[in-house]
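Input: a single structure, listed below in C-alpha cells.
In my numbering, the protein residues as written are 4 to 163.
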C-alpha cells in the first residue's frame, strides 16, 4: 500500500500530537528542573516537524505533477487470501493479549506459532517442531538473559 506523502505526513503530525499530549500528562518530579516528559516531548516535536516536512513536500509534488491518487492499494489488500493472512496475524496478537496470562507464555506461543505456520502453508511436521522448540528458547532469552517477566499461567506449578 502506498500513501501519498501528504497523507503520511498528516498521520505523523497527529501521532506527534498524541505523543506530546501524553508526555504532558507525566507527573513532575519534586526538585527537578527537567521532568520525565522532556524526551518524549522532544521526540514528539521531531515527529511533528518530520510530518510537516512530508506534508509540504507532498503538496508541492502534487501541485507540480497535477495530483494523483492519495492511496494506492497493493495486491495483498485486494486479494482475499493475502488479506486473510494479515488478519490472521492480527488475530494472533489479540489471542496472545487475551490468553497469555491465563494460559501462560509457553502454551499461548505454541498455539499461535502452530496456527500461523499451518495457515501460512508450512507443512505440519516442521510447524509442530518449531512450535514446540521455539517457546522455551524465546522464554530463555527473555526470562533468563534479559530478565523480562513472562506469564506462566497454568504452568506455574512447574515453573523453573
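Note that beta-carbon positions come from the ideal geometry of N, C-alpha and C, so glycine has one too.
### Query
Under a Cβ-count criterion, where at least 16 other Cβ atoms within 10 Å of its own Cβ denotes burial, should residue 68 be classed as buried or exposed?
Residue 68 sits exposed, since fewer than 16 C-beta atoms from the chains shown fall within 10 Å of its C-beta.
### Task
Would you tell me roughly how many angstroms separate the C-alpha atoms of residue 87 and residue 36, rounded to the nearest one?
The alpha-carbon atoms of residue 87 and residue 36 are separated by roughly 51 angstroms.
### Own chain partners of residue 31 with C-beta closer than 6 angstroms, once the 5 adjacent residues on each side are dropped
Excluding positions up to five away in sequence, the list reads 38.
### Nonlocal neighbours in the same chain, by C-beta distance under 8 angstroms from residue 116, ignoring five residues either side
Cβ within range, chain order: 130, 133, 134, 137 and 138.
### Task
On the DSSP bridge assignment, give the partners of residue 5 in chain order.
For residue 5, the beta-bridge partners assigned by DSSP are 75.
### Task
Using three-state DSSP, classify residue 27 as helix, strand or coil.
Note: residue 27 maps to coil in three-state DSSP.
### Query
Would residue 19 pass as a contact of residue 54 if the rule is Cβ separation under 8 angstroms?
For the pair residue 19 and residue 54, the CB atoms are nearer than the 8 angstroms cut-off.
### Query
If we count the other Cβ atoms within 10 Å of its Cβ and call it buried at 16 or more, is residue 77 buried or exposed?
The residue in question, residue 77, is exposed, as its Cβ has fewer than 16 Cβ neighbours within 10 Å.
### Query
How would you write the range of the alpha helix (DSSP H) that residue 87 sits in, first residue to last?
Counting along the chain, residue 87 sits inside the alpha helix (DSSP H) bounded by residues 83-106.
### Query
From residue 43 to residue 28, what does the alpha carbon distance come to, in whole angstroms?
So the alpha carbons of these two residues sit roughly 11 angstroms apart.
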